[in-house]
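Taking it in order: structure first as structure tokens, then the write-up.
Residue numbers (our numbering): 197 to 577.
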């Protein structure tokens, strides 16, 4: 295939290819993509070609092209492949950044045709997540994901465990991989009046310990975690005799999970889909993460710690998180030990440990972007 004439700028320019809705960024996967994109764009020119249902809720430091059909099925449509190639030709980037492997076929074709460096950002090992959800296509996705990783000039992973798995299972070269953790933004300050108003709104009694669980509830591992809060955690907290409330935030738009709406307990507050979590973190003694399935980094844990909210999790939820940076603000217990989980929840809420400064510094998006772009610059010519 003949190469198009080069129109590349003298410096680096990134075209980010995003298959799903990340704007406005409300949930972990959305934030992980949107904030990483923003951080990169604050240092180099960047254009984001994304699904048409993306709607920014404020100014962006990059140009947005919401031109792709939403949904995974668009990745197998030849008109979409051709459109991606046209945009690559128009924008003339030096690097094509593929968020998740789904558009890999079109991205690999375009990178080869126009002589670009292709970077694949693996937020999870996707086939393992599909296998855990018992999706029938997980074997097909495994083969496709392996091919995509092997075609990329650089593959970004969230955790060392994911990278080691990919090196062994996909046969990658370690020098063509990099760890790019889920980062944090400095949270806004929440006024005491906001906290007082929130507690009044939800009729939280004075002296009650307040716990928070915030997640996308129409996702099976999170739905199971919510059911466990009602079935395992609340009864044990009742028996302990300490006044408490558990606030649950998050969307549930799927008919498959409407049984969650029937769950009831007098100490569990269902706040629903809230525009901002900052006031909830500020009003909370500890964040509970009773998740026992899924894949990748539990971004909800990092978000809570970034807002200076201590976290209790099962060991499963600590995957990919540097415990050494978290101090006593991040406690874990053995998976499925609900009695210990409940006891540690009350203990953590009483202590209220501080979040170490090292955690906030190491996971700043600015620093992550700087290290990532340095790796981009050193890719083989």
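Backbone N, C-alpha and C fix where the C-beta goes; we use that ideal spot for every residue, glycine too.
{"query": "Out of 571, 382, 393 and 405, which has the shortest C-alpha to C-alpha gap to residue 503?", "result": "382"}
{"query": "Could you name the residues of the same chain whose beta carbon sits closer than 8 Å to that of residue 549, not counting the 5 residues immediately before and after it, in chain order?", "result": "506, 523, 524 and 525"}
{"query": "Residues in the same chain with beta-carbon distance under 8 Å from residue 429, minus the five sequence neighbours each way, listed in chain order, please.", "result": "442, 484, 486, 534, 537, 538 and 541"}
{"query": "Could you check what DSSP says for residue 216 in three-state terms: helix, strand or coil?", "result": "coil"}
{"query": "Mind checking whether residue 414 and residue 453 have CB atoms under 8 Å apart?", "result": "yes"}
{"query": "Taking C-alpha atoms, which residue in 344, 345, 322 and 232 lies nearest to residue 334?", "result": "322"}
{"query": "Can you give, in chain order, each stretch of the beta strand (DSSP E) that sits fully within the segment 274-319 and has at least 3 residues?", "result": "291-295 and 313-318"}
{"query": "Buried or exposed for residue 339, going by 16 or more other Cβ atoms inside 10 Å?", "result": "exposed"}
{"query": "Taking the beta strand (DSSP E) that residue 507 falls in, what are its first and last residues?", "result": "507-510"}
{"query": "Where does residue 449 sit, in a helix, a strand or coil, going by DSSP?", "result": "coil"}
{"query": "Applying the criterion that 16 or more other CB atoms from any shown protein chain within 10 Å of the CB defines a buried residue, is residue 399 buried or exposed?", "result": "exposed"}
{"query": "Could you name the residues that DSSP lists as bridge partners for residue 208?", "result": "In the DSSP output, where bridge partners are listed per residue, residue 208 has none listed."}
{"query": "For residue 399, name the three-state secondary structure that DSSP assigns.", "result": "coil"}
{"query": "Could you tell me the alpha carbon to alpha carbon distance between residue 547 and residue 438, rounded to whole angstroms?", "result": "15 Å"}
{"query": "Using alpha carbons as the reference points, say which of 213, 404, 337 and 457 lies closest to residue 262.", "result": "213"}
{"query": "Looking at the unbroken alpha helix (DSSP H) that takes in residue 501, where does it start and where does it end?", "result": "495-502"}
{"query": "CB-CB under 8 Å to residue 515, same chain, minus the five flanking residues each way: which ones, in chain order?", "result": "355, 357, 492, 493 and 494"}
{"query": "Have a look at the DSSP bridge pairing and note the partners of residue 484.", "result": "508"}
{"query": "At what residues does the alpha helix (DSSP H) containing residue 475 begin and finish?", "result": "474-478"}
{"query": "Going along the chain, which residues of its own chain have a beta-carbon closer than 8 Å to the beta-carbon of residue 384, five neighbours each way excluded?", "result": "474"}
{"query": "Take the Cβ of residue 387 as the centre, count every other Cβ of all protein chains shown within 10 Å, and call the residue buried at 16 or more, exposed below.", "result": "exposed"}
{"query": "At the level of alpha carbons, what is the spacing between residue 472 and residue 427?", "result": "28 Å"}
{"query": "Which runs of the beta strand (DSSP E) spanning at least 3 residues fall entirely within the segment 512-576, listed in chain order?", "result": "526-529"}
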